[in-house]
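Visitor: I'd like to ask you about the structure that follows.
Protein chains in written order, with our numbering: chain R, 309 to 598; chain S, 11 to 325.
Below, the structure is given as structure tokens:
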């Protein structure tokens, strides 16, 4: 039915997509693991980052990959401020409140983008937009290959940071035992804001790798939000290795599903996986049975 | 009893409105406020009284809208007969979503996300299947006869939505004083203790989602009839789910009048921004987002909570 010559490039495409998905999901899973909150605005914030990369390119002629040193700190600062001044104040200790506040944030960001930049879908053009690389006979576009390795490198840096530095240790301590961390002198509020900032910095990096092969419009985050949740749930909430593997699985499912069911119906596979995993194995692949 | 009198007085006053006001603008404003109230009341049953926050009420709304529209377009069934059918279809989807998620113990944020995923699955299906007209949507043929649930003026639609909203009011009033309502709020406040006291948690939650979905589907069928058009984005898009939850949160969760207060306040705010800012895209939803954050942060009990606070002070 499906020939290998079509299936193989489709899987490769899925893997490159999956690496970027994994990077987005890592940000989400970090925020969840430390703060125990679900950041519903993750997709909308990715959209903002994509617009950032787009305007840097369109107005100042900055190459999307050269935008990394700008976008990553900018998104980090935005995340730090958001957690400190908006999200942290609204929780009143209830999960649902955070979900509602981040939903409100999504509404604001999406409609601000619609208001300020209109609903046009925008893409950027670089000298390498249409170049391809041959991998074992399959032609993959260069930006996708860069995205694959870039996302993997960003993930490696994040993991090294979490496991090797003092701040990383503090983040893990807060994730494990909030009260205990406070008792040994860790500034928990600061760690919360740092984690949220790092989670968003992942989005800044993902946006730089994504845009050369993708597009941006005000609704672009909608699709990513459920994809990122699916990955996080699939991999086990708060698990980094799970997010990485989940990203690849979802990337391949989307790519192959689109080939098989067509563009419109292809997305359905992701949601069905999401519902099925939440219902039958909510602890994910790597999570222990509760 | 006081609440019941207030409900009946209010609905009576609205029923008399068409006798004095003939302005289509005003009547449309009242109709849209009541329609938002209905969606809010439905969401409030599940979230306000039952503590289960759904982000995907569009799944029930869209099913009601499509069930009514498709039956008319494909089979030529009378629109009034489509209404109970639409409600039944919405309730069935509610039962399915509820049975699956509550059976496997999904709570809090997980429940919210899974309902959103169900709505998205239905949106993609509606976009891809011929029966629902695909991305083009369904256009309900014009008949202009009250026997076909289409009215010459706005007054007819006003009475229909008023009756539906009254049903929503009576349901909320009943929840506040019945044994079932007490079970439902017990589940909201502490599921484990409710179970320990002998409440069948699964059944109570399932009944709540079915009631909520049925009422939402009625709103969907009304929408399809009022605008005579439905497409996947209007029916199953996230905007519907947001509209359903915004009203009760602004007005006051788990109260009888919260959804009405919230819907009226938001409608007023919407009209105000339209006057000030023109019809610029996105502005009103941007303000809704800010209102949502502000309410959760500063007024978690909504406008109704504010009234109660000052009422107690005065007393």
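For every residue, glycine included, the Cβ atom is placed at its ideal position computed from N, Cα and C.
Interface residues of chain S around residue 576(R) at Cβ under 9 angstroms?
Guide: Position 268 of the first chain holds residue 576(R). Chain S residues near residue 576(R): 130, 131, 134, 135, 138.
Visitor: Determine the DSSP secondary structure at residue 442(R), reduced to helix, strand or coil.
Guide: Within the first chain, numbered from 1, the residue matching residue 442(R) stands at position 134. Here residue 442(R) sits in strand by DSSP.
Visitor: Measuring CA to CA, which of 201(S), 225(S), 144(S) is closest to residue 179(S)?
Guide: Counting from 1 along the second chain, the entry for residue 179(S) is found at position 169. Of all alpha-carbon atoms in 201(S), 225(S), 144(S), the one lying nearest the alpha-carbon of residue 179(S) is that of 225(S).
Visitor: Taking three-plus beta-carbon pairs below 8 angstroms as touching, is the stretch 331 to 340 of chain R in contact with the stretch 104 to 116 of chain S?
Guide: no
Visitor: Determine whether the beta carbon atoms of residue 230(S) and residue 245(S) lie at a separation below 8 angstroms.
Guide: For the purposes of this step, residue 230(S) is taken as residue 220 along the second chain, with counting starting at 1. For the purposes of this step, residue 245(S) is taken as residue 235 along the second chain, with counting starting at 1. Yes, they are a contact pair.
Visitor: Using three-state DSSP, classify residue 545(R) as helix, strand or coil.
Guide: Your numbering for residue 545(R) matches position 237 in the first chain. Taken through DSSP and simplified to helix, strand or coil, residue 545(R) comes out as coil.
Visitor: If we cut at 8 angstroms on Cβ distances, does residue 411(R) have a partner in chain S?
Guide: Residue mapping note: residue 411(R) aligns to position 103 of the first chain, counting from 1. It does; some Cβ of chain S falls within 8 angstroms.
Visitor: Consult DSSP for residue 5(S) and reduce its assignment to one of helix, strand or coil.
Guide: Given a span of 11 to 325 for chain S in the structure shown, any question on residue 5(S) remains unanswerable.
Visitor: Does the distance from the C-beta atom of residue 588(R) to that of residue 538(R) stay below 8 angstroms?
Guide: Sequence index remark: in the first chain, residue 588(R) carries index 280 (1-based). Sequence index remark: in the first chain, residue 538(R) carries index 230 (1-based). Contact flag unset, no.
Visitor: Tell me where the alpha helix (DSSP H) around residue 236(S) begins and ends.
Guide: On the second chain, position 226 is the one that residue 236(S) refers to. Note, residue 236(S): alpha helix (DSSP H), 211 to 237.
Visitor: Determine the chain R residues that contact residue 259(S) at a beta-carbon separation under 8 angstroms, and present them in chain order.
Guide: Against the second chain, residue 259(S) aligns to sequence position 249. Residues of chain R passing the Cβ test: 408.
Visitor: With a Cβ-Cβ cutoff of 8 angstroms, do residue 332(R) and residue 354(R) count as a contact?
Guide: Your numbering for residue 332(R) matches position 24 in the first chain. Your numbering for residue 354(R) matches position 46 in the first chain. Closer than 8 angstroms, so yes.
Visitor: For residue 448(R), does the three-state DSSP call read helix, strand or coil?
Guide: Taking the first chain and counting its residues from 1, the one referred to as residue 448(R) is at position 140. DSSP, read as helix, strand or coil, puts residue 448(R) in strand.
Visitor: Chain S partners of residue 403(R), CB-CB under 7 angstroms?
Guide: For the purposes of this step, residue 403(R) is taken as residue 95 along the first chain, with counting starting at 1. In chain order: 118, 119.
Visitor: Can you give the Cα-Cα distance for residue 412(R) and residue 297(S), rounded to whole angstroms?
Guide: The residue given as residue 412(R) occupies position 104 in the first chain. The residue given as residue 297(S) occupies position 287 in the second chain. One C-alpha to the other measures close to 9 angstroms.
Visitor: Could you round the C-beta distance between residue 414(R) and residue 349(R) to whole angstroms and report it? I think they count as a contact, below 8 angstroms.
Guide: Within the first chain, numbered from 1, the residue matching residue 414(R) stands at position 106. Within the first chain, numbered from 1, the residue matching residue 349(R) stands at position 41. Correct: roughly 5 angstroms between the Cβ atoms.
Visitor: Please report how far the alpha carbon of residue 313(S) lies from the alpha carbon of residue 201(S), in whole angstroms.
Guide: Taking the second chain and counting its residues from 1, the one referred to as residue 313(S) is at position 303. Taking the second chain and counting its residues from 1, the one referred to as residue 201(S) is at position 191. Residue 313(S) and residue 201(S): Cα-Cα distance of roughly 27 angstroms.
Visitor: Could you tell me how far apart the beta carbons of residue 72(S) and residue 258(S) are, in whole angstroms, since I believe they sit closer than 8 angstroms?
Guide: By 1-based counting over the second chain, the position of residue 72(S) is 62. By 1-based counting over the second chain, the position of residue 258(S) is 248. Not really, about 20 angstroms apart at Cβ, beyond 8 angstroms.
Visitor: Let's test the definition: count the other Cβ atoms within 10 Å of the Cβ of residue 410(R) and tell me whether it reaches 16, buried, or not, exposed.
Guide: In the first chain, residue 410(R) corresponds to position 102, counting from 1. Buried, because 16 or more other Cβ atoms sit within 10 Å of the Cβ of residue 410(R).
Visitor: Give the straight-line distance between the Cα atoms of residue 560(R) and residue 320(R), rounded to the nearest whole angstrom.
Guide: Your numbering for residue 560(R) matches position 252 in the first chain. Your numbering for residue 320(R) matches position 12 in the first chain. Residue 560(R) and residue 320(R) have their C-alpha atoms spaced approximately 8 angstroms apart.
Visitor: Quick check on DSSP: helix, strand or coil for residue 346(R)?
Guide: Here the question's residue 346(R) lines up with position 38 in the first chain. In the structure shown, residue 346(R) sits in coil (DSSP, three-state: anything other than H, G, I, E or B).
Visitor: Are residue 125(S) and residue 188(S) close, meaning C-beta to C-beta below 8 angstroms?
Guide: Here residue 125(S) corresponds to residue number 115 of the second chain, with the count starting at 1. Here residue 188(S) corresponds to residue number 178 of the second chain, with the count starting at 1. No, the pair does not count as a contact, with Cβ atoms beyond the cut-off.
Visitor: For the candidate residues 27(S), 55(S), 176(S), whose alpha-carbon lies nearest to that of residue 217(S)?
Guide: Residue mapping note: residue 217(S) aligns to position 207 of the second chain, counting from 1. If we check each option's Cα against that of residue 217(S), 55(S) comes out closest.
Visitor: In the stretch 295 to 311 of chain S, which residues sit with their C-beta less than 7 angstroms from some C-beta in chain R, listed in chain order?
Guide: 295, 296, 298, 299, 300, 302, 303, 306, 307, 310
Visitor: Under three-state DSSP, which class holds residue 313(S)?
Guide: Here residue 313(S) is taken as the residue at index 303 of the second chain, counted from 1. Residue 313(S): helix per DSSP, three-state reduction.
Visitor: For residue 467(R), which residues from the same chain have a beta carbon less than 7 angstroms from its beta carbon, with the 5 sequence-adjacent residues on both sides left out?
Guide: On the first chain, residue 467(R) is found 159 positions in, with the first residue counted as 1. Result list for residue 467(R): 548, in chain order.
Visitor: Run the CB neighbour count on residue 141(S), radius 10 Å, all protein chains shown included, and call it buried at 16 or more, exposed below.
Guide: To locate residue 141(S), count along the second chain from 1; it is residue 131. Result: exposed.
Visitor: Against residue 416(R), what residues of chain S qualify as contacts under a CB-to-CB distance less than 7 angstroms, listed in chain order?
Guide: Numbered from its first residue, the first chain carries residue 416(R) at position 108. In chain order: 296, 299, 300.
Visitor: Could you check the C-alpha separation between residue 80(S) and residue 373(R) for me, to the nearest Å?
Guide: The residue given as residue 80(S) occupies position 70 in the second chain. The residue given as residue 373(R) occupies position 65 in the first chain. If I take the Cα positions, the gap works out to 50 angstroms.
Visitor: Is DSSP giving residue 117(S) helix, strand or coil here?
Guide: Here the question's residue 117(S) lines up with position 107 in the second chain. In the structure shown, residue 117(S) sits in coil (DSSP, three-state: anything other than H, G, I, E or B).
Visitor: Under 9 angstroms Cβ-Cβ, which residues of chain S neighbour residue 580(R)?
Guide: Within the first chain, numbered from 1, the residue matching residue 580(R) stands at position 272. Here the neighbours are 127, 131.
Visitor: Would you mind stating whether residue 60(S) and residue 198(S) have Cβ atoms separated by less than 8 angstroms?
Guide: Here the question's residue 60(S) lines up with position 50 in the second chain. Here the question's residue 198(S) lines up with position 188 in the second chain. The answer is yes: Cβ separation under 8 angstroms.
Visitor: Using a Cβ-Cβ cut-off of 7 angstroms (strictly less than) and excluding sequence neighbours within five positions of residue 14(S), which residues of its own chain qualify?
Guide: Position 4 of the second chain holds residue 14(S). Within the same chain, residue 14(S) has close Cβ partners 183.
Visitor: Which residue from 485(R), 378(R), 404(R) puts its Cα closest to that of residue 307(S)?
Guide: Walking along the second chain from the start, residue 307(S) turns up at place 297. Of 485(R), 378(R), 404(R), the residue nearest in Cα terms is 404(R).
Visitor: Flag residue 233(S) as yes if its beta-carbon sits less than 8 angstroms from any beta-carbon of chain R, otherwise no.
Guide: Within the second chain, the letter at position 223 stands for residue 233(S). It does not; no Cβ of chain R falls within 8 angstroms.
Visitor: Do the stretch 311 to 331 of chain R and the stretch 482 to 494 of chain R make contact, defined as three or more Cβ pairs closer than 8 angstroms?
Guide: no
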